[in-house]
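Going by UniProt numbering, the first residue of the sequence shown is number 1, and it counts up by one from there.
Just so you know, even glycine gets a beta-carbon here, dropped at the ideal spot from N, CA and C.
Bear in mind the structure is a predicted one, so any value in this text is a computation, not a measurement.
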Amino acid sequence: MPSSAGPSIDKITEGGRVTQVGEGQDADETTPPVMTFGAPTAGEVLAERYELVEHINNDSAGRLVWRGVDVVLRRPVAVVMRYPGGDSATEMLQAAVAASRVIHPNLVGVYDAIDEAERAYVVREWVDGHSLRELVSEGPLDAARATAVGNAVASALAAVHATGMVHGNVHPGTVMISDDGRVVLADARTDGADSQENDVRAVGGLLYFALTGYWPHAEAPLHGATAGHGRAAIPDAVRDANGAAAAPRQVRAGVPAYLDDLTMDLLDADIAPPSSDVLAAELARLDVPEDDYLDTNGPLRFAAETGEEPSPLAAAGGRKVALGIAGLLALALVGLLIGISTLGGGEDEPQKNPVAAPTSSAPVSEEPAAPAVRNLKISAARIIDPDSRDRAEVRDAEKVFDGDKDDGWSTQTYRGASNFGNYKRGMGVWIDLGGEHTIKSVQVNLSDTGASAELLTGTIDQPSTNKGDDEILKAYKKNPIGQPFEAHDGTTMTFNGFDADQKYRYLLFWITDLPPNGSGYKVGVNEITVQGS
């Protein structure tokens, strides 16, 4: 996973065939898709660009999922087709357009959306790997891998939610784990039937499913994610006489108490969930050992707690008065969970003093609250152009932090090649935060889709000359931060995954490839927003 923080999903995929899910569950093989004319065939080329190679499956909404190839860029793609197009495909196409504007390493890239009336189709990134649903069908994941999946999905949702949008389709069929360990979320919806809060609660469902192999939302399905037929169905959670889902620790031995509490609090309708960025930060900081302490063959039971190492979030487990998500919500303003109240000795009543007893004679003292996450003030900005000939493009840098997302700094138009016409190594925007800060995320709004860029940092400031810019670039190139974007198809880049213990003052948004614009290649940086404390 690209983030430098949090648990890793390395080696989560082992063997098995390469698969590709569509927008949701696979449909029953006996249910044909609705078509108004002949079915597509292998070898057919859509929009004079996307060649269909192999029919993979149909999803629960009757859409056909094909493996294809972009004959222009020579890269594999997934093609999700719907019959007919027109009004019936509006939601699918609108969702694709919205998703294309949010770029994040844990979101599947959307390349194209086309309506041909008789049919409509979305072209997106092809992921060699398995859906979470397929992966868990071979057996539940250990705590470290389940946490890594939850962290990746929460991080992706944080990028979506930062734009004010909702994903609305988070379930085991839309979470993909590639063969190289990358976790990506696919197939957002825009029908208005969901909310950011439900997106966050769905992460609790994913954690539950990853840890147990059961889905806790059968009574309130997430867009067909549970109820189904044939191979589309996911087993419902084990429930008590009142219909309440059993906690993961009651289903499977050895699930850590703090992860059990976090999962169940996310699913509890009486406990307000945290924001997606706070949840991502919490999951990222959990240091879950990759041990074989989870019993994959243990009996289903409603049992007492098993012996295990203490939780890093609390001195004792249990949910009678668990404050896991309540604590997260209370600390949403500070962006970091600093503690969860522990239970008393009895099972029915909490301690009057919720602070765990000290383990030594040292006095108990409260940990100071972390500073609130906010938009950091950019004190200065300038254009870095080490290979310029006339310094004509270094003006208007102040427009990248003036609050106007419709106007900013722009490169000139380059012809011949996207890498600045082979004239330059690139160009960038250097910003000064005026002092050292902890960074939560950096969001860059661009004028056009299709650029490539990365985020760098350093400690030196040089004069605005070719020589000074060259020294900054060489020094900062040694320190890439956030997730790199080698290529993308959206107008908003969101960098996150920063080290919570590291502080930064100078940042460099470095552009390496330009998107096509008219007769050449050009891009504008309209606004840069830095969040942190």
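Tell me residue i's beta-bridge partners as DSSP assigns them.
i: Y111; result: According to DSSP, which records beta bridges pairwise, Y111 is partnered with nothing at all.
i: A381; result: I431
i: W215; result: D236
i: M493; result: I103 and V444
i: Y414; result: Y521
i: N375; result: Q531
i: P386; result: Paired residues: none, contrary to the question.
i: V394; result: V394 pairs with nothing; no bridge assigned.
i: V45; result: E51
i: P516; result: Y521
i: P480; result: L456
Would you call the CB atoms of residue i and residue j closer than 7 Å?
i: residue 541; j: V255; result: Since the first residue shown for the chain is 1 and the last is 533, residue 541 is missing from the structure and cannot be characterised.
i: R189; j: N169; result: yes
i: F495; j: L455; result: yes
i: L207; j: A156; result: no
i: V77; j: D70; result: yes
i: S418; j: L514; result: yes
i: L283; j: N151; result: yes
i: Y414; j: G518; result: no
i: S175; j: Q196; result: Residue identity differs from the one stated: residue 175 is Val in this sequence, not Ser. No, these two residues do not count as a Cβ contact at 7 Å.
i: Y506; j: G458; result: yes
i: A89; j: A120; result: yes
i: L376; j: L286; result: no
i: Q531; j: K440; result: yes
i: A253; j: L141; result: no
i: G129; j: D179; result: yes
i: E51; j: G62; result: no
i: V79; j: W66; result: yes
i: M81; j: L93; result: no
i: V444; j: F401; result: no
So the beta strand (DSSP E) residue i belongs to, where does it begin and stop?
i: T457; result: S452 to G458
i: Y504; result: Y504 to D513
i: L176; result: For the record, residue 176 in the displayed sequence is Met; it is not Leu. Counting along the chain, the beta strand (DSSP E) containing M176 begins and ends at V175 to S178.
i: G68; result: L64 to D70
i: A473; result: The sequence given here has Leu at residue 473, not Ala. Looking at the DSSP string, L473 is not in any beta strand (DSSP E); the run it does join, the alpha helix (DSSP H), is N466 to Y476.
i: P76; result: R75 to R82
i: H183; result: Residue identity differs from the one stated: residue 183 is Val in this sequence, not His. Counting along the chain, the beta strand (DSSP E) containing V183 begins and ends at V183 to L185.
What does a CB cutoff of less than 7 Å around residue i pick up in its chain, not counting 5 residues either side in sequence?
i: V110; result: A96, A99, S100, V122, R124 and D489
i: S311; result: Reliability of the predicted coordinates at S311 is poor, the pLDDT of 37 falling under 50, and the value obtained from them is presented with this limitation in mind. Excluding positions up to five away in sequence, the list reads P256, A257, Y258 and G317.
Whose C-beta lies closer than 6 Å to the C-beta of residue i among residues of the same chain, with five residues either side of it excluded?
i: L259; result: A143
i: A397; result: A381, R382, I383 and W409
i: L329; result: Unreliable positioning characterises L329 in this predicted model, as indicated by a pLDDT of 41, which lies under 50. A coordinate reading is not provided.
i: D277; result: A158
i: V160; result: V102 and H167
i: G204; result: T263, L266 and L267
i: T512; result: G426 and S452
i: P516; result: none
i: V72; result: R49
i: G468; result: Q462
i: D194; result: V166 and G168
Please list the terminal residues of the continuous alpha helix (DSSP H) segment that includes residue i.
i: H55; result: That residue, H55, is in no alpha helix (DSSP H); its beta strand (DSSP E) goes Y50 to N58.
Here's a check: name, in chain order, each residue in its chain whose Cβ is nearer than 8 Å to the Cβ of residue i, leaving out the five neighbours to either side.
i: G524; result: G408, W409, S410, T411, L446, S447 and D448
i: E471; result: I460 and Q462
i: P235; result: G213, Y214 and W215
I'd like to know whether the C-beta of residue i is nearer than 7 Å to at least one C-beta of chain D.
i: R82; result: As a matter of chain content, chain D is missing from the structure shown, which is built from one protein chain.
Does the ligand MN have a heavy atom nearer than 6 Å to the CB of residue i?
i: P84; result: Summarising the ligand content, the structure contains no ligands, and the ligand MN is consequently not present.
- Item | Segments assigned alpha helix (DSSP H), at least 4 residues, entirely inside the region 245-282 | 248-251 and 257-267
- Message: Restricting to runs no shorter than 4 residues, where is the alpha helix (DSSP H) found entirely within the region 115-175?
- Response: Counting whole runs of 4 or more residues, the region 115-175 contains the alpha helix (DSSP H) stretches 132-136 and 143-162.
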